[in-house]
Amino acid sequence: MSDLHPLSGAYAVDALDDVERARFERHLKECDDCAAEVTSLREAAGLLALTADPTPSPEMRERVLAQVHTVRPLPPVATQVEVVRRRWARFPQLVAAAVAAFVVVAGGVGVSALHPFRQDQAPVAGSVVQQVLQAQDSRNQAVDVGEGRATLYHSKSVGRAVLVTKDMPATPTGRTYELWFKKNGHFVPAGLMTASGNQTFVLHGGLGDATDVGVTIEPTGGSKRPTSAPVAYFDLAKSV
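Right under this line is the structure:
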């Protein structure tokens with residue numbers, strides 16, 4: 041059933057008809073490669089669609105759906121970190137097509153339902169996320185947080201960092217997540233992430249000469265310096 045592999049992009053954005061979807065879902069149960077591709081493309085679509093035009097033309101829809109049906113992505117590699125790196129470095133056309141198709145199929149539904157921003161970040165967060173993800177020197181790193189996952193994207197040229205969480209555990213009552221840059225051996229506050237679950241958070245302040253990024257659980261309102269061990273820690277030198 042190798043002829044079904046090229047449908048992974050279209051399936052990821054719900055662009056298959058009922059017959060194709062049923063065939064591909066049967067195939068998906070037996071193909072780990074396609075399952076990994078679908079997961080990666082859905083995450084990419086959720087991120088890049090933040091800045092997509094919510095009302096594409098009918099001509100764009102036809103062009104996009106034709107592209108996602110014919111482009112065959114390379115098989116994913118063994119580790120998730122490598123999957124993320126290859127996705128941005130080697131699949132830009134496929135991901136862009138998936139994003140556009142996602143917006144067409146969703147009919148302009150706000151992406152905040154997938155990765156909600158804090159209200160005080162909403163006006164600028166989308167443009168910062170786009171700049172970081174599309175930068176030539178964009179790097180990323182993912183770590184597990186309980187049953188969830190946190191992925192940090194950062195760009196030296198843009199000078200900003202973005203944290204994307206999936207199934208992030210809720211903090212105890214009276215506690216909140218606080219992010220930190222490590223600069224010159226000292227931790228500098230980079231914002232409070234008050235929500236759990238799935239969200240995209242633009243770290244406060246410039247990346248500058250930061251060498252690490254950490255996430256700790258702090259009292260509501262935050263702390264001047266970390267008071268607990270990090271639940272997530274990123275050594276920027278190890279990003280890919």
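Residue numbers (the numbering used here): 41 to 280.
Yeah, the Cβ is synthetic: ideal placement off N, Cα and C, and Gly gets one too.
No experiment lies behind these values; they were computed from the predicted model shown.
The region 168-176 makes no contact with the region 224-237, as fewer than three CB pairs between them are under 8 Å.
Taking the C-beta atoms as reference points, residue 69 is found no nearer than 8 Å to residue 181.
For residue 48, there is no enclosing beta strand (DSSP E); the residue is part of the alpha helix (DSSP H) that begins and ends at 48-52. Going by beta carbons, residue 257 and residue 242 fall outside the 8 Å limit. Considering only 56, 249 and 66, the residue with the shortest C-alpha distance to residue 275 is 249. At the C-beta level, residue 212 and residue 187 stay beyond 8 Å of one another. Per DSSP, the unbroken beta strand (DSSP E) holding residue 195 starts and ends at 188-195. The Cβ atoms of residue 216 and residue 232 sit closer than 8 Å to each other. In this structure, the straight-line span from the alpha carbon of residue 83 to that of residue 240 is close to 12 Å. If you draw a 10 Å sphere on the C-beta of residue 222, you find 16 or more other C-beta atoms in it, and that means buried. The three-state secondary structure of residue 70, taken from DSSP, is coil. Secondary structure at residue 226: strand, using DSSP grouped into helix, strand and coil. In this structure, DSSP gives residue 278 a helical state, which the three-state scheme calls helix. No Cβ-Cβ contact shorter than 8 Å links residue 229 with residue 261. With a cutoff of 8 Å on beta-carbon distance, residue 219 and residue 185 are scored as not near each other.
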